[in-house]
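Okay, so here's the structure we're looking at.
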Amino acid sequence: MKVYTRRVVAVATAGVLAASLASCGDKTGNNSAPQQTGEPPRQLTFKVATTDTVTSLDPAGPYEVGSRTLQANLFQTLLTITGDKPTPVPDAADCQFDAPTTYTCSLKKDLTFPNGHALTSSDVKFSFDRMLKLKTPGGIAGLFGSIASISTPDDLTAVFTLKKPDARIPYLLTTTAASIVDEEVYPANKLMPAKAVGSGPYELTAYQPGASASLTKFKAYKGPRAAQNDGIDLTLLPDSAALSNAVTTGKADLAFHGFGATDLDKLRTGGKVQVVEAPSAEIRYFSFHFKSAVSRRPAVRRAVAQLIDRNAIAKKAYGDQVTPLYSVVPPEAGGHVDAFRTEYKEPNKAAAAAMLREGGITTPVPLTLGWTPTRYGAGAKAEVTELKRQLDASGLFRVTLRSVEWPRYQQLARSGAFDLHHSGWLPDYPDPDDYLVPFVREGAIYQNGYRSQTANKLLDQEVAEQNQLKREEILEQAQAVIARDAPVIPVWQGRLTVVAGQEIKNVTSTLNPLSYLTFSALRK
Numbered sequence: 038m039k040v041y042t043r044r045v046v047a048v049a050t051a052g053v054l055a056a057s058l059a060s061c062g063d064k065t066g067n068n069s070a071p072q073q074t075g076e077p078p079r080q081l082t083f084k085v086a087t088t089d090t091v092t093s094l095d096p097a098g099p100y101e102v103g104s105r106t107l108q109a110n111l112f113q114t115l116l117t118i119t120g121d122k123p124t125p126v127p128d129a130a131d132c133q134f135d136a137p138t139t140y141t142c143s144l145k146k147d148l149t150f151p152n153g154h155a156l157t158s159s160d161v162k163f164s165f166d167r168m169l170k171l172k173t174p175g176g177i178a179g180l181f182g183s184i185a186s187i188s189t190p191d192d193l194t195a196v197f198t199l200k201k202p203d204a205r206i207p208y209l210l211t212t213t214a215a216s217i218v219d220e221e222v223y224p225a226n227k228l229m230p231a232k233a234v235g236s237g238p239y240e241l242t243a244y245q246p247g248a249s250a251s252l253t254k255f256k257a258y259k260g261p262r263a264a265q266n267d268g269i270d271l272t273l274l275p276d277s278a279a280l281s282n283a284v285t286t287g288k289a290d291l292a293f294h295g296f297g298a299t300d301l302d303k304l305r306t307g308g309k310v311q312v313v314e315a316p317s318a319e320i321r322y323f324s325f326h327f328k329s330a331v332s333r334r335p336a337v338r339r340a341v342a343q344l345i346d347r348n349a350i351a352k353k354a355y356g357d358q359v360t361p362l363y364s365v366v367p368p369e370a371g372g373h374v375d376a377f378r379t380e381y382k383e384p385n386k387a388a389a390a391a392m393l394r395e396g397g398i399t400t401p402v403p404l405t406l407g408w409t410p411t412r413y414g415a416g417a418k419a420e421v422t423e424l425k426r427q428l429d430a431s432g433l434f435r436v437t438l439r440s441v442e443w444p445r446y447q448q449l450a451r452s453g454a455f456d457l458h459h460s461g462w463l464p465d466y467p468d469p470d471d472y473l474v475p476f477v478r479e480g481a482i483y484q485n486g487y488r489s490q491t492a493n494k495l496l497d498q499e500v501a502e503q504n505q506l507k508r509e510e511i512l513e514q515a516q517a518v519i520a521r522d523a524p525v526i527p528v529w530q531g532r533l534t535v536v537a538g539q540e541i542k543n544v545t546s547t548l549n550p551l552s553y554l555t556f557s558a559l560r561k
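According to this note's numbering, the sequence shown holds residues 38 to 561 in order.
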């Protein structure tokens, strides 16, 4: 983790939220919430700002990073990931494998929700059954497909019976999709996107969709993420300029997600704030589509992989604010290897020409490169322009850029309208498996028609392997297969940058590798 002389957390607030506080739900699960009374005073409250979009507070709903930030602070999971340990630790429960297909979680005693309802194994079962039943578009219910059933032998025990061995289960139970909700409040057959009743470090005391949220410390929380402050006032801002203004003028104590490279450079040198950054789980890559007659040819894909200069893209498109990436699995994930660096070494025109020649391919190869101007940030245009320059300069390719607005771009990319297209990925859970499955498994969200029996066999093995060292060896082999076949070409890994006032303490402890923030450790 890299800490600059002036540090800043990217969560800037434009102002103080409304004083009137609404409770998060009622016993029937309808939208009329009773008024909360007797809220304790919040002496140490932080104003936080971001450009994120919050789609739903319901953990069974859409799963984009803005929603995750609030869900992670409002809800409790059976297990959690803390900043000092890369593996799951107990949150609401202590869990273990009793057999390869039996995973038992023992809940802590006397857990409650802010409304006073007891949190028991029945709530756990309800939360998972509900999430799996709803299968919300944009959610991640599909990742829990290995769960056959959940039983509750007593109020403090939840037993997950699996269809087959699944080493990912401890990590999946740390995701916000695995949050425990109050079964007396949440309806089983629909979402509750603007309410939140969880047992996490904070409780929701005010919420204006698309604008702001107010969180107050939940003193009855029992877990490793107890809030060291009294509350958070979160404001959603439109752009980098608004974030920078908020954090430098004191309207926000912290700000995150949405800073442009130019604004960040000014903040680092301005002397008014602290800037903290850490590797993010977010990656960018270029994906071929196997419906394209050009992209189906291995020599074409390998030649592009041989020519790409990641360092030049990072510098020219992002001012070195991102890190070149040589595998679809980033270095912080277990089992990472620089598979593309091993396979292709440095950019080399002669080696690429030889690949095409041996594949019987006439040059220059026409290639349509798709991209979208807003979804992937301000640097996307410069990134695709630089890749086009590199490929055209080799004389081996003739690249045509095609720009399409989101969501039409997403539809065209999945249908194979481009030979090659620009895309990004932020994993759902902190495990290397979630960097491989989306690109390899048939029917996965970013599947591009690539089929590899070898890769699928390796993924079956790593999911079932209980020995972590052996599992990482299998993951390394899978990365080597993807580098050789080059169905996708990883380009860079992002950095999570937070900007904060100089007096703010424990900024680094807020950073989650999945790019959302947890606010419990913040102090002044």
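In this text, a Cβ means the ideal position worked out from N, Cα and C, and glycines have one as well.
- The residues Ala47, Ser277, Leu280, Ser281, Leu304, Thr534, Val536, in chain order, have a CB closer than 8 Å to that of phenylalanine 296 in the same chain once the five nearest residues on each side in sequence are set aside.
- Pairing arginine 435 with leucine 404 gives a Cβ-Cβ distance under 8 Å.
- Of the other Cβ atoms in all chains shown, 16 or more fall within 10 Å of the Cβ of tryptophan 408; this residue is therefore buried.
- Taking C-alpha positions only, alanine 289 is separated from serine 251 by approximately 14 Å.
- In this model, arginine 488 and lysine 494 are separated by some 11 Å (Cα to Cα).
- Taken atom to atom, the span from the alpha-carbon of leucine 393 to that of proline 469 is near 32 Å.
- Counting only runs of 4+ residues, the alpha helix (DSSP H) found wholly inside the stretch 138-194 occupies 158-171, in chain order.
- In this chain, the alpha helix (DSSP H) harbouring glutamate 420 covers 417-431.
- Taking all protein chains shown into account, asparagine 504 has fewer than 16 neighbouring C-beta atoms within 10 Å of its C-beta and is therefore exposed.
- For the options Val500, Leu148, Ser93, the alpha carbon positioned closest to that of threonine 114 is the one of Leu148.
- The beta-carbon separation of valine 525 and phenylalanine 323, rounded to 7 Å, stays under the 8 Å limit for a contact.
- Judged by beta-carbon spacing, arginine 339 lies beyond the 8 Å limit of alanine 492, meaning their Cβ atoms are not closer than that value.
- Take threonine 194, set aside five residues on each side of it, and the residues of its chain with a beta-carbon closer than 8 Å to its own are Thr141, Cys142, Ser143, Leu144, Ser158, in chain order.
- Below 8 Å, too few C-beta pairs join the stretch 319-334 and the stretch 118-125 to call them touching: fewer than three.
- Of the residues Asn266, Glu380, Pro230, the one whose Cα lies closest to the Cα of threonine 173 is Pro230.
- For tyrosine 381 and alanine 342, the gap between their C-alpha atoms comes out near 7 Å.
- Of the other Cβ atoms in all chains shown, 16 or more fall within 10 Å of the Cβ of glutamine 530; this residue is therefore buried.
- Look at the beta carbons and you see the stretch 237-247 touching the stretch 264-273: at least three pairs across the two are nearer than 8 Å.
- In the three-state reduction of the DSSP assignment, serine 281 falls in the helix class, which pools H, G and I.
- Where leucine 209 is concerned, the enclosing alpha helix (DSSP H) starts and stops at 206-209.
- Residue pairing of serine 93 in beta bridges, as defined by DSSP: absent, with no partner found.
- Residue environment analysis places asparagine 226 among the exposed positions, since fewer than 16 neighbouring C-beta atoms fall within 10 angstroms of its C-beta.
- In the structure shown, glycine 461 adopts extended strand secondary structure according to DSSP, grouped into three states.
- Per DSSP, the unbroken beta strand (DSSP E) holding isoleucine 320 starts and ends at 310-325.
- By the Cβ rule, the stretch 437-448 does not count as touching the stretch 182-191, because fewer than three pairs are nearer than 8 Å.
- Using a C-beta cut-off of 8 Å, the stretch 341-360 makes contact with the stretch 372-387, since at least three inter-stretch Cβ pairs fall below that distance.
- Per DSSP, reduced to three states, the secondary structure at isoleucine 350 is helical.
- Its Cα nearest to that of leucine 512, the residue Gly371 stands out among Ala430, Pro464, Gly371.
- Here leucine 404 carries a strand assignment [DSSP, helix/strand/coil].
- In terms of Cβ geometry, aspartate 219 and phenylalanine 165 do not form a close pair [threshold 8 Å].
- Taking C-beta separations shorter than 6 Å and ignoring five residues to either side along the sequence, the partners of serine 431 in its chain run Leu344, Lys386, following chain order.
- Secondary structure note for threonine 82: its beta strand (DSSP E) is the uninterrupted segment 82-87.
- Under the DSSP assignment, serine 440 falls in the beta strand (DSSP E) whose first and last residues are 434-440.
- Close CB contacts of glutamate 509 within its chain, under the 6 Å cut and outside five residues either way in sequence, are with Gly371, Gly372 (chain order).
- CA-CA distance, isoleucine 206 to arginine 478, rounds to 18 Å.
- For serine 249, the enclosing beta strand (DSSP E) covers residues 249-254.
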